[in-house]
Amino acid sequence: MRLGIPRALQYYYHFSAYEEYLKRNGFSLILSPETTKEIREKGLRLAPPEICFPVKVYIGHCAELIGRVDALFVPRVIKRLINGKPYYGCPKTLGLPDLIRALFPKMKVWELEILEERKRELLGEIEIPNSSPPLPGNPRVMVIGHPYLIFDSGLNFNLIKRLEKKGVSVLTPFSPEIANLPWEPIPDIAWFYEQHLLRGAQVAKELGCSGIILFSSFGCGTAPVTNEIIIRKIARSFGIPVLNLMVDEHTQETGIETRVESFLEIITRRRRR
1 MRLGIPRALQ
11 YYYHFSAYEE
21 YLKRNGFSLI
31 LSPETTKEIR
41 EKGLRLAPPE
51 ICFPVKVYIG
61 HCAELIGRVD
71 ALFVPRVIKR
81 LINGKPYYGC
91 PKTLGLPDLI
101 RALFPKMKVW
111 ELEILEERKR
121 ELLGEIEIPN
131 SSPPLPGNPR
141 VMVIGHPYLI
151 FDSGLNFNLI
161 KRLEKKGVSV
171 LTPFSPEIAN
181 LPWEPIPDIA
191 WFYEQHLLRG
201 AQVAKELGCS
211 GIILFSSFGC
221 GTAPVTNEII
231 IRKIARSFGI
241 PVLNLMVDEH
251 TQETGIETRV
261 ESFLEIITRR
271 RRR
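For the record, in the sequence shown the residue sitting at position 206 is 206 according to full-length UniProt numbering, with numbers rising by one throughout.
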């Protein structure tokens, strides 16, 4: 069976584990291309207007695969245990298989149910090797956002490459050096993906970061809570500046570039004191 994998959302979290499992069970995997303007526009035409930008783009990736595959693989990751306590997935992606079935009624949608005791074997730990080695005299910035935003150049206006070209060393919450640090979840935050973002903020100062960039999307139900905790509690206690970038389908590259340049100027002046 040709199984379509949309290159969006949970692809950036778990695909390496899904790939091995699915191939081992005889599926031929077909990935959608990297995000393009055409894919974004397909998603915007098909998606309900109230959902967040990344889900709209995901729908565009599904549409791109129609006619090329026998079924779409749309995982529903409901719960993970952290230190024995249950934490839950994104509220919108919990219903994603149902939404895709409703939008593409003639297309088969294949779900994967993973028992908690096998999740480490099948999903592994969330770790995406993406960090720049610290350069003597150069600032280091923690970029905090979901991988489907900060690693998809079709949504983030090449944010990380833009920073690196300006001589900034970049860390993300998914860098291997963070995965190995001791960590306790933030109380009363019930979403496991958000806990990983908070983890990055908690160790930013310890890892020598001069600033934090928050990158999220309008319409996200969990980002306002997470971002406020980072801005009001974590970054303020560290005494380091925060740039809060939010994107949607109307965001323009020039606006992102202007705000990033201004933020780097603030960091540079603070480092000169």
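Every residue, glycine too, gets a C-beta built ideally from N, C-alpha and C. None of these values were measured; they are calculated from a predicted model.
*Taking buried to mean at least 16 other C-beta atoms within 10 Å of its own C-beta, is PHE218 buried or exposed?*
Here residue 218 refers to the residue found at position 218 when the sequence shown is read from its first residue. Answer is exposed; the Cβ neighbour count stays below 16.
*From what residue to what residue does the beta strand (DSSP E) around residue 300 run?*
Coverage of the chain is limited to positions 1 through 273, which leaves residue 300 absent and any answer about it impossible.
_Minimum length 4: unbroken alpha helix (DSSP H) runs contained in the segment 151–197_ = 153–156, 159–165 and 176–179
*For GLY200, which three-state DSSP category applies?*
What you label residue 200 is simply residue 200 of the sequence shown in a count that begins at 1. If DSSP states are grouped into helix, strand and coil, GLY200 belongs with the helices.
*Anyone know if the C-beta pair for ARG76 and LEU94 falls short of 8 Å?*
For the purposes of this step, residue 76 is taken as residue 76 along the sequence shown, with counting starting at 1. For the purposes of this step, residue 94 is taken as residue 94 along the sequence shown, with counting starting at 1. Yes, these two residues count as a Cβ contact at 8 Å.
*asked:* Counting beta carbon pairs with one atom in the segment 25–41 and one in the segment 138–155, are three or more of them shorter than 8 Å?
replied: yes
*Given 8 Å, three or more beta-carbon pairs between the segment 101–108 and the segment 167–179*: no
*Can the beta-carbon of ILE189 be found less than 8 Å from the beta-carbon of LEU198?*
By one-based count along the sequence shown, residue 189 stands at place 189. By one-based count along the sequence shown, residue 198 stands at place 198. Yes.
_Excluding the 5 residues flanking VAL225 on each side, which residues of the same chain have their C-beta closer than 8 Å to its C-beta?_
Along the sequence shown, read from residue 1 onward, the residue named residue 225 stands at position 225. Correct list, in chain order: ILE189 and GLU194.
*What first and last residue would you give for the beta strand (DSSP E) that runs through ARG140?*
The count along the sequence shown starts at 1 and reaches residue 140 at position 140. 140–144 is the extent of the beta strand (DSSP E) around ARG140.
*asked:* Within the continuous alpha helix (DSSP H) that includes ILE82, where are the two ends?
replied: For this step, residue 82 is matched to residue 82 along the sequence shown. Looking at the DSSP string, ILE82 is not in any alpha helix (DSSP H); the run it does join, the beta strand (DSSP E), is 79–82.
_Threshold first: 4 residues or longer. Then list the alpha helix (DSSP H) segments lying entirely within the UniProt domain "DUF2229" (2–106), N to C._
11–24, 37–46, 53–65, 91–94 and 96–103
*asked:* If I measure Cβ to Cβ from ASP70 and keep anything under 6 Å in the same chain, skipping five residues before and after, which residues do I get?
replied: Counted from its first residue, the sequence shown places residue 70 at position 70. MET1 and ARG2, listed in sequence order.
_Spatial neighbours of LYS166 within its chain, please: C-beta separation below 7 Å, excluding the five flanking residues on both sides._
Position 166 of the sequence shown, counting from 1, holds the residue named residue 166. Answer for LYS166: LEU264, listed in chain order.
*Between HIS196, GLU253, HIS14 and LYS92, which lies nearest to ILE51 when the distance is taken from Cα to Cα?*
As a working mapping, residue 51 is identified with position 51 in the sequence shown. For the residues HIS196, GLU253, HIS14 and LYS92, the minimum Cα distance to ILE51 belongs to LYS92.
_Let's see if you can read the secondary structure: which residues bound the alpha helix (DSSP H) around GLY255?_
Counting from 1 along the sequence shown, the entry for residue 255 is found at position 255. It spans 253–272 - the alpha helix (DSSP H) in which GLY255 sits, taken as one unbroken run.
*Mind checking which residues open and close the alpha helix (DSSP H) that includes ILE229?*
Here residue 229 corresponds to residue number 229 of the sequence shown, with the count starting at 1. Counting along the chain, the alpha helix (DSSP H) containing ILE229 begins and ends at 223–229.
*In terms of alpha-carbon separation, which member of ARG273, LEU29 and LEU163 lies closest to ILE212?*
Locating residue 212 in the sequence shown gives position 212, counting from the first residue. The shortest Cα separation from ILE212 among ARG273, LEU29 and LEU163 belongs to LEU163.
_Which of the three DSSP states is assigned to SER237 in this structure?_
Along the sequence shown, one-based indexing puts residue 237 at 237. Reduced to three states, the DSSP call for SER237 is helix.
*Report the option in ALA102, ALA47, TYR21 and GLY4 whose CA atom is closest to the CA atom of GLY67.*
Reading the sequence shown from its first residue, position 67 is the one you call residue 67. Per the Cα distances, GLY4.
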